[in-house]
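*Asks:*
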Amino acid sequence: MREKKDEEEEEEEEEEEEEEEEEEEEEEEEEEEEEMKKMMKKMKKKKKKKKKKKKKKKKKKKKKKKEEEEEEEEEEEEEEEEEEEEEEEEEEEEEEEEEEEEEEEEEEEEEEEEEEEEEEEEEEEEEEEEEEEEEEEEEGGGGGGGGGGGGGGGGGEEEEEEEEEEEEEEEEEEEEENLLCTLKHNLK
């Protein structure tokens, strides 16, 4: 009877360990997905800023043909708009960071609660085993055991600038594609 009970306890412990391993794997997968989402978001922001920069350069080239007063007014308006957009983006990033911090705190609290529950369960199991051993010793029986385990720039003429910009764009796109491939591979 004692051996049968030991085997059942070992099977229960093994099942608990397997469940813990599965939970850890799920948590790791969720973390990797979160990381990938963050990277994708950063890439989109980077592309957006680059498009704005390129648009601004093209506008500046066209404005050279216009009168200086009109040019200055338009540039000031654009700068104000860009500043407002940057402020909005910063506010969004701050909100996201706060949300992430709150989520991390909640996860830590949940983990602590789970650890406490596991410790209590282990203590109860140990107490039960001790009581059983004491009863067996009183009856004249023996003892048993358990188990466990555990980017760049440029200068010069307009044509050269455009060529350099195109080269930079191609390089950045290649880098982004490589990064995406790596992230997707890691998630598999």
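Residues 1 to 188 (UniProt numbering) make up the sequence shown, in order. Positions of the beta carbon are idealized from the N, C-alpha and C atoms, including for glycine.
#1: Can you find a C-beta in chain C that's less than 7 Å from the C-beta of Glu165?
#2: Residue range of the alpha helix (DSSP H) that Lys65 falls in?
#3: Could you check which residue in Glu162, Lys53 and Glu173 has the C-alpha nearest to that of Glu81?
#4: Would you mind stating whether Met43 and Glu169 have Cβ atoms separated by less than 7 Å?
#5: Is Leu179 closer than 7 Å to Met36 when the C-beta atoms are compared?
#6: Grab the span of the alpha helix (DSSP H) containing Glu157 for me, first residue to last.
#7: For Glu126 and Glu21, what's the separation of their Cα atoms in angstroms?
#8: State the Cα-Cα distance for the pair Glu77 and Glu71, rounded to the nearest angstrom.
#9: Are the beta-carbon atoms belonging to Glu32 and Leu187 less than 7 Å from one another?
*Replies:* In short, the structure shows the following:
#1: No chain C is present in this structure, which holds just one protein chain.
#2: Unbroken run through Lys65: none, as it is neither H nor E.
#3: Lys53
#4: no
#5: no
#6: Element bounds for Glu157: n/a, residue is neither H nor E.
#7: 23 Å
#8: 10 Å
#9: yes
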